[in-house]
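Only one structure is covered here, and it is reproduced in the block below.
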Amino acid sequence: MKNLRTYGSVYFLILLVAAAGVIWYAVFTLEGSHHLRLIVFDIGQGDSIFIQAENDTQVLIDGGPSNAVLAKLGSVMPFWDRSIDLVVLTHPHADHMAGLIEVLKRYDIGMVLESGADYSTAEYREWHALLEQKHIPIAVARAGQKIHLSPKTELDILTPFESFIGKSPSNVHDAMVVSKLIYASSSALLTGDAEKYLEYRLLLSGVDLKSDILKVGHHGSKTSTVPDFVAAVAPEYAVISAGRKNRYGHPTQQTLDTLAKFNIKTFRTDQNRDVEFTSDGSKFERVLK
Ligand SMILES: [Zn+2]
Ligand SMILES: [Zn+2]
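So for the sequence shown, this note's numbering puts the first residue at 719; every next one is plus one.
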């Protein structure tokens, strides 16, 4: 009887230790991995970037040229998750906006951030009609805004420098929403289709451009990525979003040469498919699949 009781308490102890292990594993898993994910989707000729902060706040910056973005979101979000906290439209060109219209139709969006510039296309009108219909709050981006995604993660808005509300700039790329994602000590500069004009204005503004990742402006076109700008960002990684065999010749050799001159590890969605990075708060690392 005594022996039985001794064995009993030993088994009970083993069971207790195992249960504690399971509980700690569950706590760790539930709290998330404390890693931020940033994925530049292989979306064809366009831009679409998905961010999941370490507390699971989700951001989609641009939606690419088609409903291909829906399959991409399905590949990175759980099937039961039908909401995205923040959608950023960098500018209303179809290769950034068309896919977002499909996203608006199928997901609950917490808030939309855009430049406020006027743009007279049927798609842009549809975009605004849908935002109104679904009562989605719209914020107009201005340099200096900081959007807190978590206590340790923020999206800093670097441009536009001035209000474009009600204005139609001759080049809508000059009204770009450029942002810098910062998670603790790691950062990524997300330029949309910003061209030299904005790159020089950013340099002159004195804002801290230094980032671990540079999402190269305007699909690697020669309109963007001046050496002074690259020197100020001084990234470890560059990502170019461009479609396979696109008719614009993106990215240009000139841009690739500039990035090579600075020894930046450069990835292209037309060659590397989805380009994913993860950060533990200290630095970004590329996720290899
Ligand atoms: Zn574009
Ligand atoms: Zn554009």
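Quick reminder that beta carbons are idealized off the backbone N, C-alpha and C, glycines included.
{"Asked": "Residues proximal to ligand 2 by C-beta, any heavy atom closer than 6 Å", "Found": "809, 811, 891, 911"}
{"Asked": "Contact check, residue 904 vs residue 1000, beta carbons under 8 Å", "Found": "yes"}
{"Asked": "Run of the alpha helix (DSSP H) containing residue 933, from where it starts to where it stops", "Found": "Segment 931-933 is the beta strand (DSSP E) holding residue 933; no alpha helix (DSSP H) there."}
{"Asked": "CA nearest to the CA of residue 863, picked from 836, 843, 899, 890", "Found": "899"}
{"Asked": "Assigned secondary structure, residue 989 (DSSP; H/G/I helix, E/B strand, else coil)", "Found": "helix"}
{"Asked": "Residue 984 burial status per 10 Å Cβ neighbour count (16 or more: buried)", "Found": "buried"}
{"Asked": "Helix, strand or coil at residue 817 according to DSSP, with G and I counted as helix", "Found": "helix"}
{"Asked": "Within 8 Å, strictly: CB atoms of residue 945 and residue 982", "Found": "no"}
{"Asked": "Nearest-angstrom Cβ-Cβ length linking residue 832 and residue 895, presumed shorter than 8 Å", "Found": "7 Å"}
{"Asked": "Cutoff 7 Å; reference residue 1003; Cβ partners in own chain excluding five residues on either side", "Found": "995, 996"}
{"Asked": "Separation of residue 780 from residue 808, as counted between CA atoms", "Found": "6 Å"}
{"Asked": "Option nearest residue 926 by Cα separation, candidates 947, 969, 790, 911", "Found": "947"}
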